[in-house]
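Trainee: Numbering (the working numbering), first residue to last: 4 to 318.
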């Protein structure tokens with residue numbers, strides 16, 4: 004709770020400084036703007052994090068738990084019911100009903116971010132922040148919907164949920180190249196606010212084993228470049244763990260001896276640890292607001308490893 008209030012105070016101070024620059028009567032002393040690091044998992048239930056389950060699940064998440072120990076734990080709040088809705092609610096600050104982003108769109112669908120909907124990144128960039136989003140997006144796959152067209156200086160990541168990305172590898176997927184061209188998923192995108200867009204290739208089942216490592220490497224580089232620039236940064240890092248279908252590399256599979264969900268959570272916690280370690284290496288840990296959350300809860304079908312809920316539905 005305290006960190007949330009600090010975040011709001013920091014933004015308010017930045018706005019006062021910006022206003023004071025235009026009106027001497029309102030001039031205020033310069034306030035150092037904090038970096039903002041938002042770390043998200045995918046389809047991770049609250050009880051899948053060690054700080055909440057107190058070891059009952061049989062594995063540990065020390066990196067994520069360190070945030071709970073040093074900050075505040077949120078125990079009584081509701082999230083959205085799907086990936087798109089949860090992400091849209093966070094980045095726009097609006098109910099998905101207002102933006103129309105209540106459901107997952109198919110490849111090429113008109114559902115997605117609209118230019119009239121400002122984002123946290125848009126507002127922070129106007130305050131002098133460098134902004135980067137790395138990992139899963141799921142807010143529309145057309146060029147005009149990419150994060151780099153909605154306040155982010157740089158984006159690297161995938162545009163859909165994992166089971167949609169691997170559909171072209173299914174034996175019953177149409178083999179007509181024209182069908183795939185029109186209805187198939189785009190690959191992992193690297194784009195910039197200046198209009199550069201590169202498709203780095205499909206997110207295949209094999210690539211899914213290490214895509215979070217690619218994303219983490221890009222995020223770490225962004226943090227280092229932001230430090231060198233002397234500007235505060237806003238970084239939104241989005242893991243693909245633990246969405247279905249999770250494909251783990253050999254080094255992660257069997258790590259806990261408890262199954263793919265626990266193994267994936269341990270791997271995910273390791274990636275979170277890398278991001279937090281880079282903060283410390285750069286000397287920014289005391290100048291950065293850090294938040295950990297997910298887009299929604301676990302799939303109910305993943306019970307007993309995840310998916311416990313008092314509500315009806317999938318997640």
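We put the beta carbon where it would ideally sit given N, CA and C, even for glycine.
No experiment lies behind these values; they were computed from the predicted model shown.
Contact between the region 182-200 and the region 156-165 is defined here as three or more beta-carbon pairs at a separation below 8 angstroms; is this criterion met?
Mentor: The region 182-200, when compared against the region 156-165, does touch it at the 8 angstroms Cβ threshold.
Trainee: With the cut-off set at 9 angstroms, would you say residue 300 and residue 46 are in Cβ contact?
Mentor: Translated into positions along the chain shown, residue 300 becomes position 297. Translated into positions along the chain shown, residue 46 becomes position 43. Yes; because the gap between Cβ atoms is below 9 angstroms, this pair is in contact.
Trainee: Buried or exposed for residue 304, please, with buried defined as at least 16 other CB atoms from any protein chain shown within 10 angstroms of its CB.
Mentor: Taking the first residue of the chain shown as position 1, residue 304 is located at position 301. So residue 304 ends up on the exposed side.
Trainee: Going by CA-CA distance only, name the one from 144, 75, 287, 276 that's closest to residue 200.
Mentor: Here the question's residue 200 lines up with position 197 in the chain shown. If we check each option's Cα against that of residue 200, 144 comes out closest.
Trainee: Quick one: complete alpha helix (DSSP H) runs, 4+ long, within the region 184-242?
Mentor: Complete alpha helix (DSSP H) runs here, min 4: 208-211, 214-232.
Trainee: Determine the burial state of residue 116: buried for a count of at least 16 other Cβ atoms within 10 Å of its Cβ, exposed for fewer.
Mentor: Taking the first residue of the chain shown as 1, we reach residue 116 at position 113. Looking at its Cβ environment, which holds 16 or more other Cβ atoms inside 10 Å, residue 116 is buried.
Trainee: Residues bridged to residue 73 by DSSP?
Mentor: Looking up residue 73 in the chain shown gives position 70. DSSP output for residue 73 lists no bridge partner at all.
Trainee: Alpha carbon to alpha carbon, how far is residue 317 from residue 302?
Mentor: For the purposes of this step, residue 317 is taken as residue 314 along the chain shown, with counting starting at 1. For the purposes of this step, residue 302 is taken as residue 299 along the chain shown, with counting starting at 1. Straight-line Cα distance between these residues: approximately 6 angstroms.
Trainee: Determine which residues share a DSSP beta bridge with residue 135 and list them.
Mentor: For the purposes of this step, residue 135 is taken as residue 132 along the chain shown, with counting starting at 1. Partner(s): 157, 238.
Trainee: Excluding the five sequence neighbours on either side, which residues of its own chain have a C-beta within less than 6 angstroms of the C-beta of residue 78, listed in chain order?
Mentor: Numbered from 1 along the chain shown, position 75 holds the residue referred to as residue 78. Result list for residue 78: empty, nothing under 6 angstroms.
Trainee: Can you tell me whether DSSP reads residue 173 as helix, strand or coil?
Mentor: On the chain shown, position 170 is the one that residue 173 refers to. Three-state result, residue 173: coil.
Trainee: Name the residue from 96, 66, 230, 246 whose alpha carbon lies nearest to the alpha carbon of residue 290.
Mentor: In the chain shown, counting from the first residue as 1, residue 290 sits at position 287. Considering only alpha carbons, the answer is 230.
Trainee: Where do the ends of the beta strand (DSSP E) carrying residue 44 lie?
Mentor: Numbered from its first residue, the chain shown carries residue 44 at position 41. Its beta strand (DSSP E) spans residues 38-44.
Trainee: Identify which residue in 182, 218, 51 has its Cα closest to the Cα of residue 311.
Mentor: Translated into the one-based positions of the chain shown, residue 311 becomes position 308. For residue 311, the nearest C-alpha among the options comes from 51.
Trainee: To the nearest angstrom, how far is the alpha carbon of residue 329 from that of residue 182?
Mentor: The question about residue 329 has no answer, for the chain in this structure spans 4 to 318.
Trainee: What is the residue span of the alpha helix (DSSP H) that residue 62 lies within?
Mentor: Your numbering for residue 62 matches position 59 in the chain shown. First-last for residue 62: undefined, no H or E at that position.
Trainee: Check each candidate in 39, 63, 42 and name the one with the smallest Cα separation from residue 269.
Mentor: The residue given as residue 269 occupies position 266 in the chain shown. It is 63.
Trainee: With respect to the alpha helix (DSSP H) encompassing residue 247, which residues constitute its N-terminal and C-terminal limits?
Mentor: Position 244 of the chain shown, counted from the first residue, corresponds to residue 247. It is not in any alpha helix (DSSP H) - residue 247 carries neither H nor E in the DSSP assignment.
Trainee: Exposed or buried, what is residue 188 when buried is set at 16 or more other beta-carbons lying within 10 Å of its beta-carbon?
Mentor: In the chain shown, counting from the first residue as 1, residue 188 sits at position 185. Classification for residue 188: buried.
Trainee: For the alpha helix (DSSP H) containing residue 268, list its first residue and its last residue.
Mentor: For the purposes of this step, residue 268 is taken as residue 265 along the chain shown, with counting starting at 1. From DSSP, the alpha helix (DSSP H) with residue 268 extends over 263-284.
Trainee: Looking only at its chain, what residues have a beta carbon closer than 8 angstroms to the beta carbon of residue 262, apart from the 5 residues adjacent to it on each side?
Mentor: Position 259 of the chain shown, counting from 1, holds the residue named residue 262. Taken in chain order, the residues that qualify are 308.
Trainee: In its own chain, which residues sit with a C-beta less than 6 angstroms from the C-beta of residue 306, not counting the 5 before and 5 after it?
Mentor: Here the question's residue 306 lines up with position 303 in the chain shown. Correct list: empty, nothing qualifies.
Trainee: With a threshold of 8 angstroms (Cβ to nearest heavy atom), would residue 291 be considered close to the ligand FMN?
Mentor: Only the bare structure without any ligand can be found here, which leaves the ligand FMN out of the picture.
Trainee: Which runs of the alpha helix (DSSP H) fall wholly inside the region 72-133 and span at least 4 residues, in chain order?
Mentor: Entirely contained in the region 72-133, the alpha helix (DSSP H) runs reaching 4 residues are, in chain order, 86-95, 99-102, 123-128.
Trainee: Quick one: grab the DSSP three-state call for residue 313.
Mentor: Taking the first residue of the chain shown as position 1, residue 313 is located at position 310. Residue state, collapsed to three classes: coil.
Trainee: For residue 298, tell me which candidate among 257, 246, 271, 285 has the shortest Cα-Cα distance.
Mentor: Start at 1 with the first residue of the chain shown, and residue 298 comes out as number 295. Nearest C-alpha to residue 298: 246.
Trainee: Between which residues of its own chain and residue 103 is the CB-CB distance below 7 angstroms, once the five residues before and five after are set aside?
Mentor: Counting from 1 along the chain shown, the entry for residue 103 is found at position 100. The answer, listed in chain order, is 114.
Trainee: What residues in its chain sit with their C-beta under 7 angstroms from that of residue 122, if we drop five residues either side in the sequence?
Mentor: What you label residue 122 is simply residue 119 of the chain shown in a count that begins at 1. Excluding sequence neighbours, residue 122 sits near 94, 95, 153, 154.
Trainee: Assign residue 49 to buried or exposed, taking buried as 16 or more other Cβ atoms, counted over all protein chains shown, within 10 Å of its Cβ.
Mentor: Translated into the one-based positions of the chain shown, residue 49 becomes position 46. When all chains shown are included, residue 49 counts as buried.
Trainee: Along the chain, where does the alpha helix (DSSP H) containing residue 55 start, and where does it finish?
Mentor: Counted from its first residue, the chain shown places residue 55 at position 52. Counting along the chain, the alpha helix (DSSP H) containing residue 55 begins and ends at 53-56.
Trainee: Give a yes or no on contact between the region 122-132 and the region 159-178, applying the rule of three or more CB pairs nearer than 8 angstroms.
Mentor: Result no; under three Cβ-Cβ pairs closer than 8 angstroms.
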